[in-house]
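In numbering that gives the first Met the number 0, the protein residues as written are 0 to 221. Beta carbons: idealized from backbone N, C-alpha and C, even for Gly. Working notes, beginning with the structure itself.
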Amino acid sequence: MTQTVGSSGSIPAPRRRADKTGSLRQLFTSKRKTTLTREEAETEILSLFKSRRPYWYSVIGRKLPDLYVEDVFGQVGVRIAADFKKYDASTVKHFNAYIAKTCIRCAVDQLRRHRTEAEALKNGTTQHCMGLPETATDPDLTDLMAAQEGYLRVRVVMDDVLTDRQHTIYVLRHVMELNSRDIGEALDIKAPLVRKDLQAAQKILGSDEVRQRLRDVLGEGR
Numbered sequence: 000m001t002q003t004v005g006s007s008g009s010i011p012a013p014r015r016r017a018d019k020t021g022s023l024r025q026l027f028t029s030k031r032k033t034t035l036t037r038e039e040a041e042t043e044i045l046s047l048f049k050s051r052r053p054y055w056y057s058v059i060g061r062k063l064p065d066l067y068v069e070d071v072f073g074q075v076g077v078r079i080a081a082d083f084k085k086y087d088a089s090t091v092k093h094f095n096a097y098i099a100k101t102c103i104r105c106a107v108d109q110l111r112r113h114r115t116e117a118e119a120l121k122n123g124t125t126q127h128c129m130g131l132p133e134t135a136t137d138p139d140l141t142d143l144m145a146a147q148e149g150y151l152r153v154r155v156v157m158d159d160v161l162t163d164r165q166h167t168i169y170v171l172r173h174v175m176e177l178n179s180r181d182i183g184e185a186l187d188i189k190a191p192l193v194r195k196d197l198q199a200a201q202k203i204l205g206s207d208e209v210r211q212r213l214r215d216v217l218g219e220g221r
């Protein structure tokens, strides 16, 4: 493309695009313009945590089913309160980023607990219903309890016909209602591998012989 020569005879320098990446980097590396006391910082963090509750729900919801979001949100509040006792809140440069990171950490911790709970349920080492969020609404809680109680009746058959990983993945998906991405993160494997194991488990459980065994255990006959 031909450039126009200015009256001075020089070619104008090309315009530079705004460096959005640079300004974003500066946002996360610059120091806070105003200095807050420890108490003021704590108050501001808690205010953001409460006022932006729907947004923090969405952050947690990227990692977990809706069923567990409210419970994990409560865990985030506990984690923040614990941080206030250990650290000076005025040293936090970006309050929203701190809260978001805490939400993600608590959600990941919940996924790890799901893995432990699924293993306990699968191995029959627990006598109570695992993985139930205390703040779940009644219909959700009832459905989850029903799923776990139904599973416990057929656990022995599934343990006999599925591999250990297929069995664990089945519990995480159909009892604890995690999706393939969540299961993959909990087990530290790729989501496609989770889906492959789920399909294999469904194929095994759908065979005539295994279906009959399941019906016998459930007392449904033929």
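Taking the CA atoms as reference points, E116 sits about 28 angstroms from Q211. For the pair of segments examined, the region 46-65 was found not to touch the region 84-93: the number of CB pairs separated by less than 8 angstroms stays below three. Closest by C-alpha distance to D82, out of I98, H166, G149, L120, is I98.
Taking a C-beta distance under 8 angstroms as the contact criterion, A185 and L110 qualify as a contact pair.
In terms of Cβ geometry, C105 and V58 do not form a close pair [threshold 8 angstroms].
Distance from T167 to K121 at the Cβ level is roughly 6 angstroms; contact confirmed, criterion being Cβ atoms closer than 8 angstroms. By the C-beta density criterion, T101 is buried, having at least 16 other C-beta atoms within 10 angstroms. Boundaries of the alpha helix (DSSP H) around N95: 94-122. With 16 or more other Cβ atoms from the protein chains shown falling within 10 Å of its own Cβ, K62 counts as buried. Here the alpha carbons of G123 and A80 stand approximately 35 angstroms from one another. Contact annotation: L161 and Y169 have beta-carbon atoms nearer than 8 angstroms. Here H113 is actually not in contact with L192; their C-beta atoms are around 17 angstroms apart, not less than 8 angstroms. In the three-state reduction of the DSSP assignment, T162 falls in the coil class. V209 sits close to V156, with the two beta carbons spaced by under 8 angstroms.
Spatial neighbours of V68 in its own chain (CB-CB distance under 6 angstroms, excluding positions within 5 residues in sequence) are listed in chain order as Y56, I59, G60. Straight through space, the alpha carbons of R78 and S206 are spaced by roughly 47 angstroms. Pairing Q165 with D196 gives a Cβ-Cβ distance under 8 angstroms. Per the coordinates, the alpha-carbon of K84 lies some 12 angstroms from the alpha-carbon of E38.
Per the coordinates, the alpha-carbon of D108 lies some 35 angstroms from the alpha-carbon of L217. A Cβ-Cβ distance of about 11 angstroms is found for the pair T42 and S89, leaving them out of contact under the 8 angstroms criterion.
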